[in-house]
Amino acid sequence: MYKKLLFPVVATLSLVSPHSLAEAELLAHFELNGNTKDASGNLPDGQIVGNVTAVPDRCNNPNGAMYLDGNNSYIKVADGNFLTPRKASTVCLRANVLEPYRINKNHVLLSKYRADSSYETGYTVMVDRYDKLRIWSKGKNLTELSDYPEMLDFNDYGNWNHICLVDNKTNITTYVNGYPYSVKTSPDSVYADTSIPLLIGASYSGNGQPSIHSFATAYIDDVRVYSTPLTSNQVKRIAFEACPSPAL
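FYI, the numbering for the sequence shown is -22 to -1, 1 to 226, going by mature numbering (1 follows the signal peptide of the UniProt record, and there is no 0).
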């Protein structure tokens, strides 16, 4: 079944209470406003590798997002196992993927995913080389827990989209632009921890190094990780967050 991504919505009014996120426990927030600082204060600054530069965000704020050029460029966050699955119940980001189909290359927007051992664990958000949006989380024994059996056709290059993965320990729900697209049963077993660093704009290969097939050509902004599984309304609040009014 074909599913077209919704265009980003810039609302003039919030859909829910402005305090609806107040009780959600924020583990990390990379605003990417011209720097790679974690606004939550829990983690060290991300390390820039390659050509990562500040660009306007979806609201046209100067230096409001980061551009990654797809050529061995990414942001590395040495979080240890702080953002490992199950500690990170919600993972969200904004991205503007800039170019379509690339031979044998994917646009990995965010990844904390271990593939260099007898088991795999972690989460990844990507647009693959077949123009499909993939969001998944994996546990032990290569068990896929939250991928799309019918992956989203992605035809929205050059536009901003908001993407979230939420695991409430019962179900894993994936959201695009504030709306749920997939719900799967969360596993009974606990995820294995992984101390492999969080990457923004790339993912690791089986040898534990960033994969040459993963580097995103994209603008990326507002990476958030919560220990709290956000509700549907909370996800919508972030996705539909209004741009600030221009100064008079």
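All C-beta atoms, glycine included, are put in the ideal place defined by N, C-alpha and C.
All figures in this text were calculated on a predicted structure; none of them were measured in a lab.
Residue pairing for C70: DSSP places it in a beta bridge opposite C142 and R202. For I216, the enclosing alpha helix (DSSP H) has its first and last residue at S210 to A217. Counting of Cβ neighbours within 10 angstroms places Q25 among the exposed residues, the total staying below 16.
Looking at the backbone, the Cα of N185 and that of A194 are separated by about 19 Å. Residue nearest to A180 within the set Y91, P222 and S67 is Y91 (criterion: CA-CA distance). Distance from the CA of L176 to the CA of K162, rounded to the nearest whole angstrom, comes to 24 Å. In terms of CA proximity to L5, C70 leads the group P158, C70, Y182 and N137. The count of Cβ pairs closer than 8 Å, one atom from the region 207 to 219 and one from the region 12 to 27, stays below three, leaving the stretches out of contact. The C-beta distance from C142 to T62 rounds to 18 Å, too long to fall under 8 Å, and the pair is not in contact.
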